[in-house]
Every structure is written in structure tokens, then in C-alpha cells.
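Have a look at the structure below before the remarks.
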Amino acid sequence: MQINEIIVFRHRGGVHVGKLEDLAGKKIRISTGRNRIYDVPPDRVLLESQTMVDDETPLVAFKTEAQDLAESMDLRDVWELTRDEDLHFSFRDIADLHWSPPISAVQYAGMILHLARDCPYFSEHETGYLPLDEEKVEAHFQRIERKKEAQLEEQAFVDWVKSDLVTLPEEFSNRQRHALTRIQRYAMEGDEYEQSAQARDLLDLIGGQASGSLQKSAFNLMVQKGVWDEDEHLDLIRFDIPAEFDADVLAEAEEIQSTEAGREDLTHLDVFSIDDATTQDIDDALSIEAIAGGFRVGVHITDVSALVAKDSKIDKAARERTTSLYFPDRHIPMLPAELSHGHCSLLQETRRCAVSYLFDLDQDFLLVGHRIVPSIIVNKHKLSYDDVNAILESDDHPLVEPMRNLNLGADALFAQRMDAGAVELERVELSIHVGSDKEIEVTTRTGHSQADHIVSEFMIFTNLATARFFLEHQVPAIYRTQPEADFGDLGEVSHASVKRYKMIRKIRPMSLSLDPKPHAMLGAEVYCQATSPIRRYSDLVLQRQLVTVIRENPTCYSRDELTDEISLIERSRDLRKVWSRREWYWFVKYMQKETDKIHSVVVLEIRDRDLVVELLEFGNRLNIKQVEKVEVGDELKVRVTHADPWDGLLKLAAVVESEEATG
Numbered sequence: 001m002q003i004n005e006i007i008v009f010r011h012r013g014g015v016h017v018g019k020l021e022d023l024a025g026k027k028i029r030i031s032t033g034r035n036r037i038y039d040v041p042p043d044r045v046l047l048e049s050q051t052m053v054d055d056e057t058p059l060v061a062f063k064t065e066a067q068d069l070a071e072s073m074d075l076r077d078v079w080e081l082t083r084d085e086d087l088h089f090s091f092r093d094i095a096d097l098h099w100s101p102p103i104s105a106v107q108y109a110g111m112i113l114h115l116a117r118d119c120p121y122f123s124e125h126e127t128g129y130l131p132l133d134e135e136k137v138e139a140h141f142q143r144i145e146r147k148k149e150a151q152l153e154e155q156a157f158v159d160w161v162k163s164d165l166v167t168l169p170e171e172f173s174n175r176q177r178h179a180l181t182r183i184q185r186y187a188m189e190g191d192e193y194e195q196s197a198q199a200r201d202l203l204d205l206i207g208g209q210a211s212g213s214l215q216k217s218a219f220n221l222m223v224q225k226g227v228w229d230e231d232e233h234l235d236l237i238r239f240d241i242p243a244e245f246d247a248d249v250l251a252e253a254e255e256i257q258s259t260e261a262g263r264e265d266l267t268h269l270d271v272f273s274i275d276d277a278t279t280q281d282i283d284d285a286l287s288i289e290a291i292a293g294g295f296r297v298g299v300h301i302t303d304v305s306a307l308v309a310k311d312s313k314i315d316k317a318a319r320e321r322t323t324s325l326y327f328p329d330r331h332i333p334m335l336p337a338e339l340s341h342g343h344c345s346l347l348q349e350t351r352r353c354a355v356s357y358l359f360d361l362d363q364d365f366l367l368v369g370h371r372i373v374p375s376i377i378v379n380k381h382k383l384s385y386d387d388v389n390a391i392l393e394s395d396d397h398p399l400v401e402p403m404r405n406l407n408l409g410a411d412a413l414f415a416q417r418m419d420a421g422a423v424e425l426e427r428v429e430l431s432i433h434v435g436s437d438k439e440i441e442v443t444t445r446t447g448h449s450q451a452d453h454i455v456s457e458f459m460i461f462t463n464l465a466t467a468r469f470f471l472e473h474q475v476p477a478i479y480r481t482q483p484e485a486d487f488g489d490l491g492e493v494s495h496a497s498v499k500r501y502k503m504i505r506k507i508r509p510m511s512l513s514l515d516p517k518p519h520a521m522l523g524a525e526v527y528c529q530a531t532s533p534i535r536r537y538s539d540l541v542l543q544r545q546l547v548t549v550i551r552e553n554p555t556c557y558s559r560d561e562l563t564d565e566i567s568l569i570e571r572s573r574d575l576r577k578v579w580s581r582r583e584w585y586w587f588v589k590y591m592q593k594e595t596d597k598i599h600s601v602v603v604l605e606i607r608d609r610d611l612v613v614e615l616l617e618f619g620n621r622l623n624i625k626q627v628e629k630v631e632v633g634d635e636l637k638v639r640v641t642h643a644d645p646w647d648g649l650l651k652l653a654a655v656v657e658s659e660e661a662t663g
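The sequence shown begins at 1 in the working numbering and counts up one residue at a time.
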């Protein structure tokens, strides 16, 4: 080797062409141009070209010619000649067979470069190059063909995305559908998606980000192509929330028939339900009648356990869902509509199987006795909350007396809970409904109406009775517990919103347990939930447990099985977060149209850089920029400065007096 000689060498798994710069030391120094220098052992040299160059220009020309040769050559003829010989060939042997002597240095260099690539005919070994067998050669070309097909399909996919077509082509290949899935997954998960790099490359090929983040661009692409709606609920896909029921589940639901055997006939009672006017899945109803010394109040819970057998197809589907979901724009029931809106729902003037709690109360509405019985009832009156509130205000309605007695009873039960240490936190209740035309209706209620109060107190009372039943009969059950909070250092708080905020921050989290413990917020020594078996799977579980004991049968669930159910309830908490995000999405979208409106907020907390405030009209809490000379409890006027449902961002800013006057 000589200084300034062009040589071909191996370095870090690759083959390079360079000019020898220095022979001193244990390693030789080689330049490949553009100030790139490599120090390599002499045994890494593959070819001494005996071609001398003074600068980079002839070196670049040599490299370019060698690379062109490497890319253009096809060694099939050489392979055909050598394939049956179990011999190793040098690059010189192969070059001689390919071109016939004399062979130039640049040709030898080109051959080395070609063989170092993914050569389909020869494999490299320490002693030379061995011809591959026919099967491996064929496999190589099949890979190349598949790669070409993949490139063509990818380009066809990109062309479709860039076109004006808004329907998914029927002839889409699996690879193209996978590309579509990648974009969708990236839109949902962003860089947390395990194939985010491939998704980003695909999006860059399509055209990069049009606005905002690349993740949002992916979502917008799916909307533009008609794959998703502009208000697509991605959490349903992201968290694999089933929105429909399988055919076998629906078929099982259609075959269900109720039986009245072994049930107490309570159809003589004047039973009525109280729900929202649009409610179809009615799982509780009330009755009240005068008895000696007081009243008998009936709380009648639809007996879903009598219709949905444990481990049936319907039961497994309900367990997977854990709860019904009531989003502003859609309802996803826990049970098929055949049951949730049909056989299980306490529909008006329809005989239904129920679990009836019959409470005997004295004139002061203190409990003097009660029974829990499987029953048959008929809901005589389907009432809305507004209906009940109107009845309570009337003087001549047929139900005015029972409603007023129930209202008195609710007041008494509430007072009993308060005496037991319960904590009542009244706040603005927000209700968002999205119509088929996507018109967003936002309504609010401050505190509880009398109708809400009646339903709430008697459901709490019933759940208390259920928990006591399990405790007294030593039956495994899932109890809801909450430690007592210390509200002793709230200080002087004049604004109700501020007081509520400070109290909420002191409330300790509710937990689930198989051991009975108090629920401090409700003022209950033990508490569980079993009054909504259509809507909550955990309520159905406890209803099954309750009914089996009432009928003196073995318990439906062991303690270990209920431990598994507790972990399932944790999923329903995740679903609660999904619901909360969806509510917030539609609220932010509603506020997009409110940019010209001035809103009132109260300052809940002052931080170093921002304020925590509550929108007085809606009860939402959020942060705004710091405002000078403001104190906790002060009310401010604010305006929406930014509302983006996609990001969930809602920004408010305090308005100055001149803005307030024009607003």
C-alpha cells in the first residue's frame, strides 16, 4: 500500500472506498472525502487499487463509477455457472467470471461493493463467497417483489388520502388498511403509540401537519376522508369500550322470559317511578301507604338477577362493560335494549319482577321494621322530576298527599344522616345534551329539587338497609367506605363556592372493601350500592347476593369472587374519567360560541402564577392568569380567549371595565 492510493476497506460492518493518508502506527489512516477520516487496522483492507490520486476529485470519480457498477450488475449468469460447485470464490474470481479479464481496479471495487450489499446470489464467508441454493435465491426475489408491491400499495394509499374521495375504497389491501389503522392509532395515542415512528413517516409522506400538532393532523385526515366524524369519540376506541352487543348476546336477550313464581304480589300498591323525562331504563320506583302509627314506604328495585343468570352471555357482556354510559351525545347501555328498555325496566302499567324493600316508619319517619321480598309490581305512574315538583306545588293532584309525605320522609331521613355526621355539598349540577343536529344544550341546577331530594334520600336509605342486611347475615358483600374528613380549620369563609372548594379538598377518597366500615360523607355506619342493577354491574352482583340469601339459597358469590369484582369496579372508575372527558369536550365546544359573552367567576385559590376560579353559571373549576389586587372569594368578570375541544383547552381572561361595558 502506498500513500494516496485508492483502497477499498471494511469498517463497522460497511464497505468504503477511500484514499490512504498515513501508514504509521498500528492502524492506517484513510480519507473518504469531505474531511471524513477513518483509522482502521491494515487487515481490514479488501483491495489495493494501485490507483494514485492527489485530491478528492479523482477519488470521488472512482467511487461514483464503482458505486454505479455495484448498483447495475446482475450476477445471475455467474451464479448459474457456480451454483453446483461446493466452493468458495473470491471477489476476483467472481469479477473474472462476470467480465472476463482484464479487469480494472474500479471494476474490482464495484464487485466488492455489490457483494457487500444484499446480494441475491452469493453469501460471504471468512474464506470467500459461496453460491446460494436456488430456494434462497428465489426467496430473495420474492422479498424484493413484496417490497415493490408494498411501495405501490403505500403510494396508492397516499394518493387516496391526497385525493378528494371521502369514502373508503372497497379494494383496499390489508397493508393499506394497516396504514389507515396506523394513522388512527397515532391520532388517538400520539407518540405513545408503539408504531409512532412509522405513523409519523407515513404522515410526512402524505404531507406533514396542516395545523397544530401532527397528532391532530392525523385526526383531521381521518375526518376529511370520512372515516371519522369531526366529533368522533376516540376514547371509545382507545379504551376498547364496546358500544354494540354481539349477535349471540342479543339472541339470548330476546329469549329471556320472566317468571312470577315464589314472589309476593304487590300489584295493589300505587307504585310510581321518578326519573328524567327521557329515561327508558327505569330501575327503581316508590310507593307509600298509611299504616297504624305511621307509613309503609316501598322502594322497589327491578330484579335483574331474575332475568340475567350469572355467567350467561348477557352477564359476561354486562361484566365487560361494568356500567351504562350516558354521554351528552349517546347512551351506551350495560344491558341490551331488549332488557334495559324492556324486560328489566319498570315500564308504566307493566307487571315486573322486583326486589321490594318495605319500610315501616313511625310518624317521625323513624324505622320500626322492614322486610325485603322478591315481588311483582306494576308501575302505575311514570313521573319526571318536574312532574313531582309540580305535584308538590299543587293542591288537588291525586298524588299530592303521598308525594308530600315522601317529601317529609326525605327531610327526616336527611336530618337523621346529618345528625350521624353526614356532609352535604351542594353545587351547580351541569347537564349537557347534544341533539341529532349537534345542537348543544347546557342546563344547570343549583342544589336539589324536592323530587331529587325524595329519590336521593330513599335510595341512600335502601342501600343502607342492604348493607345492614349483609352485615347481620354475615354475607360477603362489597362495601363503600369513606373516612371522616377534618373540616376544623376552614377558617372564615363567606362565599359558598369557596367553602365547598375547601371542603372538597379535605374530603378523603372513597374506597371499596369486603369489610364493613363507615361511610362518613353519607353518615352511614355501613353502606353499599344495589339500587341500580340495570346500570351498574356491581349493583347486579349485590342484588344476586341479596336475593339468594332471602330465598335461603347458597350465596351467589364467595369472598374471593367479590375480590375480583372489586378490581372490576376499578375499571368503572376509569370509565367515569372517559365520561368526564366527553362532558368536558362538549362543554368546551359549547364555550367556543361564547367568546363574545362575559362570564362571572369566583376566586377559589391564589397561586404563584395563576388563580383557581369557578364559573358561577356552570360550576366548572379552571385556572386563569394571575390578576392584581384580588382575594379569595372575589368575583371577577372573564371572557373566553381560547376554546379547543380537541386539546380540551378552555382559557379565560379577566376583562377590564371598558370590555365589560361593551360586552
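Note that the Cβ used here is the ideal one computed from N, Cα and C, for glycine as well.
**OP:** Ignore the nearest five residues each way along the sequence and tell me which others in asparagine 405's own chain have a CB closer than 7 Å to its CB.
**Re:** Here residue 405 is taken as the residue at index 405 of the sequence shown, counted from 1. Within the same chain, Cβ atoms closer than 7 Å to the Cβ of asparagine 405 are found at Ile288, Phe295, the five residues on either side in sequence being excluded.
Subject >> glycine 523 beta carbon less than 9 Å from that of glutamine 348 >> reply: Position 348 of the sequence shown, counted from the start, is the residue given in the question as residue 348. Position 523 of the sequence shown, counted from the start, is the residue given in the question as residue 523. Not in contact: glutamine 348 and glycine 523 (Cβ atoms no closer than 9 Å).
Original post:
Which two residues bound the contiguous beta strand (DSSP E) that contains asparagine 623?
Top reply: Within the sequence shown, the letter at position 623 stands for residue 623. Looking at the DSSP string, the run of the beta strand (DSSP E) that includes asparagine 623 is 621-625.
**OP:** Go ahead and label leucine 664 buried or exposed: buried means 16 or more other beta carbons lie within 10 angstroms of its beta carbon, across all protein chains shown.
**Re:** In this structure the chain extends from 1 to 663, so residue 664 is not present and cannot be described.
**OP:** Using alpha carbons as the reference points, say which of Gln198, Glu605, Gly633 lies closest to isoleucine 624.
**Re:** As a first step, residue 624 must be located in the sequence shown, where it is residue number 624. Among Gln198, Glu605, Gly633, the Cα nearest to that of isoleucine 624 is on Glu605.
Original post:
Taking the C-alpha atoms as reference points, what is the distance between glutamine 107 and lysine 147?
Top reply: Here the question's residue 107 lines up with position 107 in the sequence shown. Here the question's residue 147 lines up with position 147 in the sequence shown. If I take the Cα positions, the gap works out to 29 Å.
Original post:
Under three-state DSSP, which class holds glycine 488?
Top reply: To locate residue 488, count along the sequence shown from 1; it is residue 488. It is coil, neither helix nor strand.
Subject >> Residue interval of the beta strand (DSSP E) (run including threonine 682) >> reply: Look at the range of the chain in this structure, 1 to 663, and you will see that residue 682 is not part of it.
**OP:** Indicate the three-state DSSP secondary structure (helix, strand or coil) for tyrosine 326 in the structure shown.
**Re:** For the purposes of this step, residue 326 is identified with residue 326 of the sequence shown, where counting begins at 1. The answer is strand: DSSP assigns tyrosine 326 an E or B state.
Original post:
Between threonine 555 and isoleucine 301, is the Cβ-Cβ spacing less than 9 Å?
Top reply: Residue mapping note: residue 555 aligns to position 555 of the sequence shown, counting from 1. Residue mapping note: residue 301 aligns to position 301 of the sequence shown, counting from 1. At the C-beta level, threonine 555 and isoleucine 301 stay beyond 9 Å of one another.
Subject >> For methionine 222, the three-state DSSP class (helix, strand or coil) >> reply: As a first step, residue 222 is located in the sequence shown; it is residue number 222 there, counting from the start. In the structure shown, methionine 222 sits in a helix (DSSP, three-state: H, G or I).
Original post:
In the stretch 412-475, which residue ranges form an unbroken alpha helix (DSSP H) of at least 4 residues, counting only runs that do not cross its ends?
Top reply: The alpha helix (DSSP H) runs lying completely inside the stretch 412-475 and spanning 4 residues or more are 450-472, given in chain order.
**OP:** Check whether the Cβ atoms of isoleucine 745 and valine 78 lie closer than 9 Å to each other.
**Re:** Within the shown structure, residues of the chain are numbered from 1 to 663, placing residue 745 beyond reach of any answer.
Original post:
Can you tell me the Cα-Cα spacing of glutamate 65 and glycine 110, whole angstroms?
Top reply: As a working note, residue 65 is residue 65 in the sequence shown. As a working note, residue 110 is residue 110 in the sequence shown. Between the alpha carbons of glutamate 65 and glycine 110 lies a gap of roughly 8 Å.
Subject >> methionine 591 vs leucine 636 beta-carbon contact at 9 Å >> reply: Walking along the sequence shown from the start, residue 591 turns up at place 591. Walking along the sequence shown from the start, residue 636 turns up at place 636. Their beta carbons are not under 9 Å apart, which means methionine 591 does not touch leucine 636 by this criterion.
**OP:** Flag this pair as yes or no: are the beta carbons of glutamate 154 and leucine 205 separated by less than 9 Å?
**Re:** Taking the first residue of the sequence shown as 1, we reach residue 154 at position 154. Taking the first residue of the sequence shown as 1, we reach residue 205 at position 205. It is a contact, given that the beta carbons lie within the stated cut-off.
Subject >> Own chain, CB closer than 7 Å to alanine 179, minus 5 neighbours either side, in chain order >> reply: Working through the sequence shown from its first residue, we reach residue 179 at position 179. The beta carbon of alanine 179 is closer than 7 Å to those of Glu154, Phe157, Leu202 in its chain, skipping five residues each way along the sequence.
Subject >> Integer-rounded CB distance, given that glutamate 5 should sit under 8 Å from glycine 33 >> reply: On the sequence shown, residue 33 is found 33 positions in, with the first residue counted as 1. On the sequence shown, residue 5 is found 5 positions in, with the first residue counted as 1. About 15 Å separates the two Cβ atoms, so there is no contact after all.
Subject >> DSSP-derived helix/strand/coil call for methionine 1 >> reply: For the purposes of this step, residue 1 is identified with residue 1 of the sequence shown, where counting begins at 1. Looking at methionine 1 - three-state DSSP - the assignment turns out to be coil, as it is neither helix nor strand.
Original post:
Just checking my contact of isoleucine 314 with glutamate 252 at CB under 8 Å: how many whole Å lie between their CB atoms?
Top reply: Start at 1 with the first residue of the sequence shown, and residue 314 comes out as number 314. Start at 1 with the first residue of the sequence shown, and residue 252 comes out as number 252. The Cβ separation is near 5 Å, so the contact holds.
Original post:
Do leucine 75 and cysteine 119 have their C-beta atoms closer together than 9 Å?
Top reply: Start at 1 with the first residue of the sequence shown, and residue 75 comes out as number 75. Start at 1 with the first residue of the sequence shown, and residue 119 comes out as number 119. Contact flag set, yes.
Subject >> Backbone secondary structure at serine 567 - three-state DSSP >> reply: By one-based count along the sequence shown, residue 567 stands at place 567. The answer is helix: DSSP assigns serine 567 an H, G or I state.
Original post:
Using CA coordinates, which residue listed in Leu413, Ser532, Tyr479 is at the minimum distance from proline 516?
Top reply: For the purposes of this step, residue 516 is taken as the residue at position 516 of the sequence shown. For the residues Leu413, Ser532, Tyr479, the minimum Cα distance to proline 516 belongs to Tyr479.
**OP:** Measure the Cβ-Cβ separation of methionine 188 and arginine 238 and say whether it is below 9 Å.
**Re:** On the sequence shown, residue 188 is found 188 positions in, with the first residue counted as 1. On the sequence shown, residue 238 is found 238 positions in, with the first residue counted as 1. It is a contact, given that the beta carbons lie within the stated cut-off.
Original post:
For the candidate residues Ala477, Thr167, Lys499, whose alpha-carbon lies nearest to that of phenylalanine 487?
Top reply: Indexing the sequence shown from 1 puts residue 487 at position 487. Selected option, being the one with the closest Cα: Lys499.
Subject >> Whether aspartate 408 touches phenylalanine 365 by CB criterion (9 Å) >> reply: Reading the sequence shown from its first residue, position 408 is the one you call residue 408. Reading the sequence shown from its first residue, position 365 is the one you call residue 365. Looking at the sequence itself, residue 408 is leucine, so the reference to aspartate does not match. Going by C-beta atoms, leucine 408 is nearer than 9 Å to phenylalanine 365.
Original post:
Are there 16 or more other CB atoms within 10 angstroms of the CB of serine 558, so buried, or fewer, so exposed?
Top reply: Sequence index remark: in the sequence shown, residue 558 carries index 558 (1-based). The residue in question, serine 558, is exposed, as its Cβ has fewer than 16 Cβ neighbours within 10 Å.
Subject >> Residues bridged to tyrosine 479 (per DSSP) >> reply: Here the question's residue 479 lines up with position 479 in the sequence shown. BP columns for tyrosine 479 point to Ser513.
**OP:** Could you work out which residue in Val227, Asp270, Ala306, Leu236 is closest to glutamate 260 when comparing CA atoms only?
**Re:** Along the sequence shown, one-based indexing puts residue 260 at 260. Closest by alpha carbon: Ala306.
Original post:
Can you round the beta-carbon distance between methionine 403 and leucine 392 to whole angstroms, since I take them to be within the 8 Å contact cut?
Top reply: Here residue 403 refers to the residue found at position 403 of the sequence shown. Here residue 392 refers to the residue found at position 392 of the sequence shown. That pair is a contact at about 5 Å.
Subject >> Range covered by the beta strand (DSSP E) that runs through threonine 548 >> reply: For the purposes of this step, residue 548 is taken as the residue at position 548 of the sequence shown. No beta strand (DSSP E) holds threonine 548; the alpha helix (DSSP H) holding it covers 537-550.
Original post:
Is proline 545 buried or exposed, if buried means 16 or more other CB atoms sit within 10 Å of its CB?
Top reply: Position 545 of the sequence shown, counting from 1, holds the residue named residue 545. The sequence as given places glutamine at residue 545; proline does not occur at that position. With a threshold of 16 other beta carbon atoms within 10 Å, glutamine 545 meets it and is buried.
**OP:** Give a yes or no on whether the C-beta atoms belonging to leucine 87 and leucine 130 are separated by under 9 Å.
**Re:** Here residue 87 refers to the residue found at position 87 when the sequence shown is read from its first residue. Here residue 130 refers to the residue found at position 130 when the sequence shown is read from its first residue. Cβ atoms of leucine 87 and leucine 130: closer than 9 Å.
Original post:
For the candidate residues Asn220, Ser538, Lys310, whose alpha-carbon lies nearest to that of threonine 323?
Top reply: In the sequence shown, counting from the first residue as 1, residue 323 sits at position 323. Looking at the Cα atoms, Ser538 is the closest of the given residues.
Original post:
Okay, do the stretch 383-400 and the stretch 422-436 touch, 3+ Cβ pairs below 8 Å being the bar?
Top reply: Fewer than three pairs of CB atoms, one per stretch, sit closer than 8 Å, so the stretch 383-400 makes no contact with the stretch 422-436.
Original post:
Looking only at C-alpha atoms, which of Ser123, Ser49, Gly226 sits nearest to leucine 165?
Top reply: As a working mapping, residue 165 is identified with position 165 in the sequence shown. Ranked by Cα distance from leucine 165, the first of Ser123, Ser49, Gly226 is Gly226.
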